[in-house]
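Numbering (this note's numbering), first residue to last: 456 to 1075.
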């Protein structure tokens, strides 16, 4: 390349020199990010041209449309990224390519030095031009500002400085407007000259850049390799259901159909476009420990990150895109976590997603049921984590109850029995086991609907003090339960006239027999047919939560309370048979353990006691 004057050498800003040293000596494996960043810068230049041309139409009178060209040259071992955007004058080249005019640079460089995945950090920070030195041993930038006759050439090999000189006649003919960046590739970066590799990167990172990206092969005609149309930026009236379905599969990499689509544009203090989907099938990574979201963040149609935590973890099943017009393209991963603009977007979009799910639950209950059946256990994590939206999530939740499936708390409250003031629930391993739990007996006799909770997360969120519409949620496995004011569904179930064992004497005998195995023994208001059950004391954690924590070595199981049915024949026999009192007491305790899904402390002794009882019944 010829120039009309001698090149002027200038040093890099100290931070740039340090950054380039890291680039030149980079051993990072994820170097694809350089092309995304160069395309992003080119798109920015085209955007700026379009904006300035509004006030100064003469900038685009030559009729050349804003576009981006990628030109691989295997013979010369170069890769060029060329745009017909706004271009740069001499001082702009020095300012933009010789300094990093941003705060936090020193902190960034420190983290970059320590990072294992420096390439990704570089890309997220937005110093993408310098990332090109990961693959290039020399970079030549030729640029002409729109409306200017001057062409300038910037050259650097990634050392301590760069050269800048006026461009010659050849450069002036080649660059009529915009910027040409020519990378002289390192030997190990030859793969970036392959058309399929270039197309792969563009498809992954830059497909929705709104300007055409043309691949100019060494042989054949240039062809566009991006869609150049961000679907989420288009009006809903322009799109059909099949357009959304195709976009969902492309964005989410999924094969099912979306169960819910949310597409809107927010205007006001912040401007951003939202296109989100709820899948109809569980993704394979739904319960990964990291609980990372899968909503992609774009800034002005440029891909920034796919794990920017744009929604809370309990909505991590949502897939899609949020495209901001206000966030800076150079936003770093650290800034993503603390950026107040992003926090406002996160809050607003979370509320909108929950509102959309509420509407779907009201207007399309069958469709909502598909979402809840697939992702209900994940959404219920929010009942534990998101205090601010807990009431909305409780209203959104659907439950299997003793009355049916996919029941809302509103439906449960609407079906309250006379004098009922609490919403009752049981936590366990399976619906079948819960339905046979003796703790349901008194509630069932009164026709009281009980929530049957079987997801592991249920043991956690129910440990918080909760109410729905002023009606507290109450566990049938914890504390005292009194159904005395709620009438029986059938008077035949009233067993008040049946003889009952003496409470004080019977409880004293059982306490003496069980000793330290239980914290208390008391007469039960829960039981009508079974002899006994185990519950947690009023101040203790629900027994299901205790068992779950004990399995994870996160706490010991406290001693339970044994409740007895004083009208049961086995309890009555215990009070009158002092010789068998201890064995019968232990039997009451052990069968209550089994009904709760626990093994007796001594299975062999339990079997022996059961055999003796059977033999006595047989008269042997």
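Just so you know, even glycine gets a beta-carbon here, dropped at the ideal spot from N, CA and C.
Inspect the beta-carbon positions of residue 938 and residue 980 and report whether they are closer than 8 angstroms. In the chain shown, the residue the question calls residue 938 occupies position 483. In the chain shown, the residue the question calls residue 980 occupies position 525. Result yes, Cβ atoms of residue 938 and residue 980 sit closer than 8 angstroms.
May I have the straight-line CA-CA distance separating residue 810 from residue 850, to the nearest angstrom? Along the chain shown, one-based indexing puts residue 810 at 355. Along the chain shown, one-based indexing puts residue 850 at 395. C-alpha separation (whole angstroms): 11 angstroms.
Nearest to residue 492 by alpha carbon, out of 617, 660, 462? The residue given as residue 492 occupies position 37 in the chain shown. Nearest of 617, 660, 462 to residue 492, Cα basis: 660.
Neighbourhood of residue 1064 by C-beta, 7 angstroms cutoff - its chain only, sequence neighbours within 5 removed: Along the chain shown, one-based indexing puts residue 1064 at 609. Only 1038, 1041, 1042 meet the Cβ criterion.
Check this for me: beta carbons of residue 724 and residue 664, under 8 angstroms apart or not? For the purposes of this step, residue 724 is identified with residue 269 of the chain shown, where counting begins at 1. For the purposes of this step, residue 664 is identified with residue 209 of the chain shown, where counting begins at 1. No.
Taking 8 angstroms as the threshold, find out whether the region 864-875 comes into contact with the region 889-896 through three or more Cβ pairs. No: the two stretches stay apart, fewer than three of their Cβ pairs being nearer than 8 angstroms.
Candidates 719, 909, 674, 1050: which alpha carbon is nearest residue 694's? By one-based count along the chain shown, residue 694 stands at place 239. Nearest C-alpha to residue 694: 719.
Below 8 angstroms between beta carbons: does that hold for residue 548 and residue 619? Taking the first residue of the chain shown as 1, we reach residue 548 at position 93. Taking the first residue of the chain shown as 1, we reach residue 619 at position 164. Closer than 8 angstroms, so yes.
Length of the line joining the Cα atoms of residue 517 and residue 730: Numbered from its first residue, the chain shown carries residue 517 at position 62. Numbered from its first residue, the chain shown carries residue 730 at position 275. The alpha-carbon atoms of residue 517 and residue 730 are separated by roughly 37 angstroms.
Taking one C-beta from the region 730-739 and one from the region 697-716 each time, how about it: are there three or more such pairs within less than 8 angstroms? Contact holds: three or more Cβ-Cβ distances are below 8 angstroms.
Cβ-Cβ distance between residue 500 and residue 525 below 8 angstroms: Counted from its first residue, the chain shown places residue 500 at position 45. Counted from its first residue, the chain shown places residue 525 at position 70. The Cβ atoms of residue 500 and residue 525 do not sit closer than 8 angstroms to each other.
Write down every uninterrupted run of the beta strand (DSSP E) in the region 902-980 whose length is 3 residues or greater and which is fully enclosed by it, in chain order. Taking only runs of at least 3 residues, the beta strand (DSSP E) segments lying wholly in the region 902-980 are 905-908, 926-930, 975-978.
Around the C-beta of residue 1018, are 16 or more other C-beta atoms found within 10 angstroms, so that it is buried, or is it exposed? Here residue 1018 refers to the residue found at position 563 when the chain shown is read from its first residue. With 16 or more Cβ atoms within 10 Å of its Cβ, residue 1018 is classed as buried.
Whole angstroms are fine: how far does the CA of residue 862 sit from the CA of residue 1030? Within the chain shown, numbered from 1, the residue matching residue 1030 stands at position 575. Within the chain shown, numbered from 1, the residue matching residue 862 stands at position 407. Taking C-alpha positions only, residue 1030 is separated from residue 862 by approximately 43 angstroms.
Under the rule that 16 or more other beta-carbon atoms within 10 Å means buried, what is residue 467, buried or exposed? Within the chain shown, numbered from 1, the residue matching residue 467 stands at position 12. Within a 10 Å sphere around the beta-carbon of residue 467 sit 16 or more other beta-carbons, which makes this residue buried.
From which residue to which residue does the beta strand (DSSP E) around residue 749 run? In the chain shown, counting from the first residue as 1, residue 749 sits at position 294. Annotation for residue 749: the continuous beta strand (DSSP E) segment containing it runs 749-754.
In three-state terms, what does DSSP make of residue 775? As a working note, residue 775 is residue 320 in the chain shown. Here DSSP, grouped into helix, strand and coil, assigns residue 775 to strand.
Give the single residue among 590, 983, 463 whose Cα lies nearest to the Cα of residue 646. Counted from its first residue, the chain shown places residue 646 at position 191. Nearest to residue 646 by alpha-carbon distance, out of 590, 983, 463, is 590.
Neighbourhood of residue 414 by C-beta, 7 angstroms cutoff - its chain only, sequence neighbours within 5 removed: A question about residue 414 goes unanswered here, because the residues of the chain that appear run from 456 up to 1075.
Apply the 10 Å Cβ neighbour rule to residue 1071 and answer buried if 16 or more other Cβ atoms are within range, or exposed otherwise. On the chain shown, residue 1071 is found 616 positions in, with the first residue counted as 1. With fewer than 16 other CB atoms across the displayed protein chains lying within 10 angstroms of its CB, residue 1071 is exposed.
Is it a yes or a no for the region 964-984 touching the region 902-913, going by three-plus beta-carbon pairs under 8 angstroms? Taking a cut-off of 8 angstroms for Cβ pairs, the region 964-984 and the region 902-913 do not touch, as fewer than three such pairs fall below it.
Can you tell me where the alpha helix (DSSP H) holding residue 699 begins and where it ends? Taking the chain shown and counting its residues from 1, one reaches residue 699 at position 244. Residue range 696-707 is occupied by the alpha helix (DSSP H) that includes residue 699.
With 16 other Cβ atoms within 10 Å as the buried cut-off, status of residue 1048: Taking the first residue of the chain shown as position 1, residue 1048 is located at position 593. Here residue 1048 is buried. Its C-beta has 16 or more other C-beta atoms within 10 Å.
Excluding sequence positions up to five away, which residues of its chain have a Cβ less than 6 angstroms from the Cβ of residue 931? Taking the chain shown and counting its residues from 1, one reaches residue 931 at position 476. Hits under 6 angstroms: 879, 881, 894.
Can you look up residue 599 in the DSSP assignment and give me helix, strand or coil? As a position in the chain shown, residue 599 is number 144, starting the count at 1. Reduced to three states, the DSSP call for residue 599 is strand.
Who are the Cβ neighbours of residue 1027 in its own chain at under 6 angstroms, not counting the five residues just before and after it? As a first step, residue 1027 is located in the chain shown; it is residue number 572 there, counting from the start. Correct list, in chain order: 956.
Own chain residues within Cβ distance below 6 angstroms of residue 779, not counting five before or after: As a first step, residue 779 must be located in the chain shown, where it is residue number 324. Result list for residue 779: 727, 754, in chain order.
Just checking, does the region 599-608 make contact with the region 505-517 on the three C-beta pairs under 8 angstroms criterion? Verdict: yes, contact present.
Would you call residue 1082 buried or exposed, if buried means 16 or more other Cβ atoms sit within 10 Å of its Cβ? Limits of the chain in this structure are 456 at one end and 1075 at the other, which puts residue 1082 out of reach.
Given this structure, state the Cα-to-Cα distance separating residue 917 from residue 613, to the nearest angstrom. The count along the chain shown starts at 1 and reaches residue 917 at position 462. The count along the chain shown starts at 1 and reaches residue 613 at position 158. Using only the alpha carbons, I get a separation of about 59 angstroms.
Can you give the beta carbon distance from residue 644 to residue 672, rounded, assuming they're within the 8 angstroms contact cut? The count along the chain shown starts at 1 and reaches residue 644 at position 189. The count along the chain shown starts at 1 and reaches residue 672 at position 217. Incorrect: roughly 18 angstroms between the Cβ atoms, too far for contact.
Euclidean distance between Cα positions of residue 1076 and residue 964: The question about residue 1076 has no answer here: the residues shown for the chain are numbered 456 through 1075.
What does DSSP give as the partner residue(s) for residue 621 in the beta ladder? Along the chain shown, read from residue 1 onward, the residue named residue 621 stands at position 166. DSSP, once it has assigned bridges, lists 607 as partnering residue 621.
Note down, in chain order, each residue of its chain lying with its Cβ closer than 7 angstroms to the Cβ of residue 873, except the 5 sequence neighbours on either side. Walking along the chain shown from the start, residue 873 turns up at place 418. Only 941, 942 meet the Cβ criterion.
For the structure I just gave you, are there three or more beta carbon pairs, one from the region 621-630 and one from the region 674-684, closer than 8 angstroms? By the Cβ criterion, the region 621-630 is not in contact with the region 674-684, since fewer than three pairs of Cβ atoms, one from each stretch, lie closer than 8 angstroms.
Rounding to the nearest angstrom, what Cα-Cα distance links residue 765 and residue 852 in this structure? By 1-based counting over the chain shown, the position of residue 765 is 310. By 1-based counting over the chain shown, the position of residue 852 is 397. Within the model, the alpha-carbon separation for residue 765 versus residue 852 is close to 22 angstroms.
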